[in-house]
């Protein structure tokens, strides 16, 4: 099978359901973000230690989920091809929450903002988090442009999934630093040098200088 066809040279491409649309179409933005996110997760997987088999398997499941989601986003609601798409169960969101809780138990509390960075795997996990937030925004925009008849339970589920996934990726970034023995970088203000906290699985965090809550949205708080 040839990789190149030339059919997209004029700025159009085919959806999974067969329609020809501009490459700037809302659906392209939505599932393109998922493709980008999956690629970054591939780098995170490549940077994980050999002993982190469970984390690697979780990330591979997420990549599989993203591929399924991309197929749904690339298919118009009334297309006949929609009937062959694999549905993602609601339990995947619960699975992400459980994975977050497991990692959180191995980390000390964090009481202030952190900056993306630390170990290479953590830095890539933070990139994945921000791409996930963009994917969520595009999915919400696409969903809001649909009529109620066009919206499917799967599309509604994807928005929940992506919101939860960004939280997972924030905690994963901290976890990656911990398992590599690299401290998180604490934000101490725009005119001060960044401090680090000993956020390892055995260590404890440095005293917090801020009361800000910390979570998955831009390194600040979960939504």
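Numbering (this note's numbering), first residue to last: 86 to 308. By construction, the Cβ of each residue, glycine as well, lies at the ideal position given by its N, Cα and C atoms.
CB of residue 132 within 8 angstroms of CB of residue 209, strictly: Here residue 132 is taken as the residue at index 47 of the chain shown, counted from 1. Here residue 209 is taken as the residue at index 124 of the chain shown, counted from 1. For residue 132 and residue 209, yes; Cβs fall inside 8 angstroms.
Do residue 270 and residue 200 have their CB atoms nearer than 8 angstroms? Your numbering for residue 270 matches position 185 in the chain shown. Your numbering for residue 200 matches position 115 in the chain shown. Their beta carbons are under 8 angstroms apart, which means residue 270 touches residue 200 by this criterion.
If we count the other Cβ atoms within 10 Å of its Cβ and call it buried at 16 or more, is residue 182 buried or exposed? Your numbering for residue 182 matches position 97 in the chain shown. Exposed: under 16 other Cβ atoms inside 10 Å.
State the start and end residues of the unbroken beta strand (DSSP E) segment that holds residue 271. The residue given as residue 271 occupies position 186 in the chain shown. Its beta strand (DSSP E) spans residues 269 to 271.
Quick one: measure Cβ to Cβ for residue 184 and residue 143, integer angstroms, because I've assumed they're closer than 8 angstroms. As a first step, residue 184 must be located in the chain shown, where it is residue number 99. As a first step, residue 143 must be located in the chain shown, where it is residue number 58. The pair is a contact, with the Cβ atoms about 6 angstroms apart (cut-off 8 angstroms).
Would you mind stating whether residue 125 and residue 213 have Cβ atoms separated by less than 8 angstroms? Here residue 125 is taken as the residue at index 40 of the chain shown, counted from 1. Here residue 213 is taken as the residue at index 128 of the chain shown, counted from 1. The answer is yes: Cβ separation under 8 angstroms.
Per DSSP, which residues does residue 212 bridge with? Please list them. Numbered from 1 along the chain shown, position 127 holds the residue referred to as residue 212. Looking at the DSSP assignment, residue 212 forms no beta bridge with any residue, so it has no partner.
Alpha carbon to alpha carbon, what distance is there between residue 117 and residue 90? Walking along the chain shown from the start, residue 90 turns up at place 5. Walking along the chain shown from the start, residue 117 turns up at place 32. The straight-line gap from Cα to Cα measures roughly 19 angstroms.
Own chain partners of residue 230 with C-beta closer than 8 angstroms, once the 5 adjacent residues on each side are dropped: The count along the chain shown starts at 1 and reaches residue 230 at position 145. Taken in chain order, the residues that qualify are 111.
By Cβ distance below 6 angstroms, which residues in the same chain neighbour residue 245 in space, the five residues on each side in sequence not counted? Here the question's residue 245 lines up with position 160 in the chain shown. For residue 245, where only same-chain residues beyond five positions count, the Cβ hits under 6 angstroms are 178.
What separation, rounded to the nearest whole angstrom, lies between the Cα atoms of residue 159 and residue 273? By one-based count along the chain shown, residue 159 stands at place 74. By one-based count along the chain shown, residue 273 stands at place 188. Distance between the alpha carbons of residue 159 and residue 273 is about 43 angstroms.
Let me check understanding here. Comparing Cα to Cα, which of 240, 215, 249 and 265 lies closest to residue 227? Here residue 227 refers to the residue found at position 142 of the chain shown. Nearest option by C-alpha distance: 240.
Is it the case that the Cβ atoms of residue 217 and residue 122 are separated by a distance below 8 angstroms? In the chain shown, the residue the question calls residue 217 occupies position 132. In the chain shown, the residue the question calls residue 122 occupies position 37. Yes, the pair counts as a contact, with Cβ atoms nearer than the cut-off.
Is any heavy atom of the ligand MN found at a distance shorter than 7 angstroms from the C-beta of residue 258? Only the bare structure without any ligand can be found here, which leaves the ligand MN out of the picture.
Measure the Cβ-Cβ separation of residue 188 and residue 257 and say whether it is below 8 angstroms. As a working mapping, residue 188 is identified with position 103 in the chain shown. As a working mapping, residue 257 is identified with position 172 in the chain shown. Yes, Cβ-Cβ distance for residue 188 and residue 257 is below 8 angstroms.
Quick check: what's the CA-CA separation for residue 219 versus residue 136? Counted from its first residue, the chain shown places residue 219 at position 134. Counted from its first residue, the chain shown places residue 136 at position 51. Rounded to whole angstroms, residue 219 to residue 136 spans 31 angstroms at the Cα level.
Could you tell me whether the Cβ atoms of residue 267 and residue 204 are closer together than 8 angstroms? For the purposes of this step, residue 267 is identified with residue 182 of the chain shown, where counting begins at 1. For the purposes of this step, residue 204 is identified with residue 119 of the chain shown, where counting begins at 1. Yes, the pair counts as a contact, with Cβ atoms nearer than the cut-off.
Beta-carbon contacts of residue 236 that lie in its chain and below 7 angstroms, excluding the five residues immediately before and after: One-based indexing of the chain shown puts residue 236 at position 151. Here the set comprises 228.
How long is the line joining the alpha carbons of residue 224 and residue 194, rounded to whole angstroms? The residue given as residue 224 occupies position 139 in the chain shown. The residue given as residue 194 occupies position 109 in the chain shown. Roughly 32 angstroms between the two C-alpha positions.
Note down the Cα distance separating residue 186 from residue 261, rounded to an integer number of angstroms. As a first step, residue 186 must be located in the chain shown, where it is residue number 101. As a first step, residue 261 must be located in the chain shown, where it is residue number 176. Rounded to whole angstroms, residue 186 to residue 261 spans 15 angstroms at the Cα level.
Backbone secondary structure at residue 173 - three-state DSSP: Taking the chain shown and counting its residues from 1, one reaches residue 173 at position 88. Coil.
Residue from 150, 120, 198 and 134 whose Cα sits closest to the Cα of residue 275: Translated into positions along the chain shown, residue 275 becomes position 190. Of 150, 120, 198 and 134, the residue nearest in Cα terms is 198.
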